[in-house]
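Residue numbers (full-length UniProt numbering): 1 to 274.
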């Protein structure tokens, strides 16, 4: 039952019945190969085509809840009005596979939250590494004007995709890169002159990554809207920023984790982008 212990409504019963039988009965017309499914719009044939946007969304939610959602389910059920799926950065199961991201980015022009924390090693059975990179970057470009929350926790991000995020996502408020596999030098994209998210991001997580103390300090200074920041190097960067100028820090931040390594080098104003 989707609504916990609440009594099941007729819609709940319909949703659960369809979701339980979706692969053995309802999906047959869509996997037969007789018709071509579109990435842009829902199909207008088959019994699932009769479901309105609300019911289709509830079926998707049930499939996510039972960890049985497949990309083809999204191609059949996903309405172009959908702005998010029921998961977050802490959800143990994420419906955002590479294939799902492609469908969402092509169909939902107002989609706002992406929580991509799947293990890309499981994707290699479907995609070649270059295809994975290309599809992720292409999907991000399609979503760049609408997404406000972007979570790549525990995922691999290459330089091209990170650059797309930093230079195109003008409405981004939350960026979670916790334990993301990013090359150390690639983090400099977060603070490059072309980076537009410095003016919009309020919540930034770069902990458990290879980010340098210098880059962390730059983030703290240059991200002017920060209200939450998390990095293993935060205290070192904070100490460095305050002692060099003997003034109060020029940023607002909430730090929940205070792990850091000793850092004795002197960083110049030029290195901090001042």
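Where a beta carbon is used, it is the ideal one built from N, C-alpha and C, also for glycine.
Exercise for review: Taking residue 82 and residue 39 to be in contact with their CB atoms under 8 angstroms, please state how far apart those CB atoms are, rounded to whole angstroms.
Suggested key: At roughly 14 angstroms, the Cβ-Cβ gap does not stay under 8 angstroms, so residue 82 and residue 39 are not in contact.
**Study point:** Three-state secondary structure (DSSP) of residue 142
**Key:** helix
Point to revise | Boundaries (first-last residue) of the alpha helix (DSSP H) holding residue 73 | key: 71-77
Review point. For residue 149, which residues of its own chain have a beta-carbon under 6 angstroms away from its beta-carbon, when the five flanking residues on both sides are left out?
Key: 113 and 174
Exercise for review: Within its chain, find whatever has a CB closer than 8 angstroms to the CB of residue 35; leave out the 5 residues flanking it on each side and keep chain order.
Suggested key: 29, 43 and 45
Check your understanding: Considering only the beta carbon of each residue, do residue 142 and residue 116 sit closer than 8 angstroms?
Key -> no
Review point. Which residue's Cα is closest to the Cα of residue 50: 62, 76 and 156?
Key: 76
Review point. Is the Cβ of residue 112 closer than 8 angstroms to any Cβ of chain B?
Key: No chain B is present in this structure, which holds just one protein chain.
**Study point:** Cα-Cα separation, residue 67 to residue 155
**Key:** 19 angstroms
Practice item. Look at the Cβ atom of residue 160, then the Cβ atom of residue 196, and state whether they are nearer than 8 angstroms. Key: no
**Study point:** Pair within 8 angstroms by beta-carbon distance, residue 111 and residue 147
**Key:** yes
**Study point:** Rounded distance between the beta-carbons of residue 10 and residue 55, thought under 8 angstroms
**Key:** Actually they do not touch by this definition, with Cβ atoms about 11 angstroms apart.
Review point. Thinking C-beta only, is residue 69 closer than 8 angstroms to residue 78?
Key: no
Review point. Of the residues 127, 128 and 162, which one's Cα is nearest the Cα of residue 137?
Key: 162
Check your understanding: Are residue 85 and residue 71 close, meaning C-beta to C-beta below 8 angstroms?
Key -> no
Check your understanding: residue 128 to residue 97, Cα distance in whole Å?
Key -> 14 angstroms
Check your understanding: Is it the case that the Cβ atoms of residue 177 and residue 209 are separated by a distance below 8 angstroms?
Key -> yes
Point to revise | Cβ neighbours of residue 32 in the same chain (closer than 7 angstroms, five flanking residues each side left out) | key: none
Point to revise | C-alpha gap between residue 218 and residue 191, whole angstroms | key: 7 angstroms
Check your understanding: Nearest to residue 61 by CA position, among 93, 89 and 27, is which residue?
Key -> 93
Review point. Are residue 134 and residue 105 touching if we call contact CB-CB under 8 angstroms?
Key: no
**Study point:** Three-state secondary structure (DSSP) of residue 16
**Key:** helix
Exercise for review: Note down the Cα distance separating residue 101 from residue 212, rounded to an integer number of angstroms.
Suggested key: 30 angstroms
Review point. Is DSSP giving residue 204 helix, strand or coil here?
Key: strand
**Study point:** Cα-Cα separation between residue 252 and residue 20, rounded to whole angstroms
**Key:** Because residue 252 sits at a pLDDT of 45, beneath the cut-off of 50, its placement in the model cannot be relied upon, and the following sentence gives the value as read from the coordinates. Cα to Cα, residue 252 sits roughly 48 angstroms from residue 20.
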